[in-house]
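A.B. asks: Let me begin by handing over the structure; questions about it come next.
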Amino acid sequence: MNPSDLKYSKEHEWVRIEPGGAALIGITAFAAEQLGDVVYLDLPSVGTELKQFGKLGEVESVKAVSEVYAPISGRVIGRNEEAIAHPELVNSEPYGRGWFLRVAVKERGELDNLLSAQEYEEFLAAEV
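Take 43 as the starting number for the sequence shown in my numbering and just add one per residue.
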């Protein structure tokens with residue numbers, strides 16, 4: 043079950059809006075499972091501007107290297123150095139300690155372009 047407080051992209055990324063208005067970004071449990079054991083994260087530096095649905099980096103696993111896309115536009119204000127040092131957190135805690143970036147959101151209205159947890163579950167059911 044995917045957390046209901048998140049919004050999801052069809053590319054299997056998630057966004058959590060924090061109380062101060064910044065957003066955390068990561069990949070879903072489904073994406074982590076499909077990738078297999080994650081061994082490396084290539085994430086943008088602090089200050090990088092992200093555009094919704096534009097490439098933000100790459101995740102390398104034992105199976106493949108996969109591109110990751112920004113589910114929301116904004117400026118990177120933090121990177122999860124713990125997950126960069128220990129990429130296995132992406133597999134074990136994709137919605138917790140395995141998050142990728144903290145972003146200063148440019149346009150909260152872009153959240154309307156994303157899926158709710160229920161819509162994402164329905165999307166997965168149709169895809170699989």
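Glycine included, each C-beta is placed from N, C-alpha and C at the ideal position.
Grouping DSSP H, G and I as helix and E and B as strand, with all else coil, what is residue 78?
C.D. replies: Residue 78: coil per DSSP, three-state reduction.
A.B. asks: Specify whether the stretch 157–170 and the stretch 87–102 touch according to this definition: at least 3 beta carbon pairs, one from each stretch, less than 8 Å apart.
C.D. replies: The stretch 157–170, when compared against the stretch 87–102, does not touch it at the 8 Å Cβ threshold.
A.B. asks: If you check the beta carbons only, do residue 131 and residue 139 fall under 7 Å apart?
C.D. replies: A contact, by the Cβ cut-off of 7 Å.
A.B. asks: Could you spell out the range, first to last residue, of the beta strand (DSSP E) harbouring residue 145?
C.D. replies: Per DSSP, residue 145 belongs to the beta strand (DSSP E) from 143–147.
A.B. asks: Would you tell me roughly how many angstroms separate the C-alpha atoms of residue 52 and residue 82, rounded to the nearest one?
C.D. replies: Roughly 22 Å separates the two Cα atoms.
A.B. asks: On the DSSP letters alone, give me the boundaries of the alpha helix (DSSP H) that residue 102 sits inside.
C.D. replies: Element bounds for residue 102: not the alpha helix (DSSP H) but the beta strand (DSSP E), 97–103.
A.B. asks: Please name the residue or residues paired with residue 67 in a DSSP beta bridge.
C.D. replies: 57, 143.
A.B. asks: Does the distance from the C-beta atom of residue 114 to that of residue 170 stay below 7 Å?
C.D. replies: It is not a contact, given that the beta carbons lie outside the stated cut-off.
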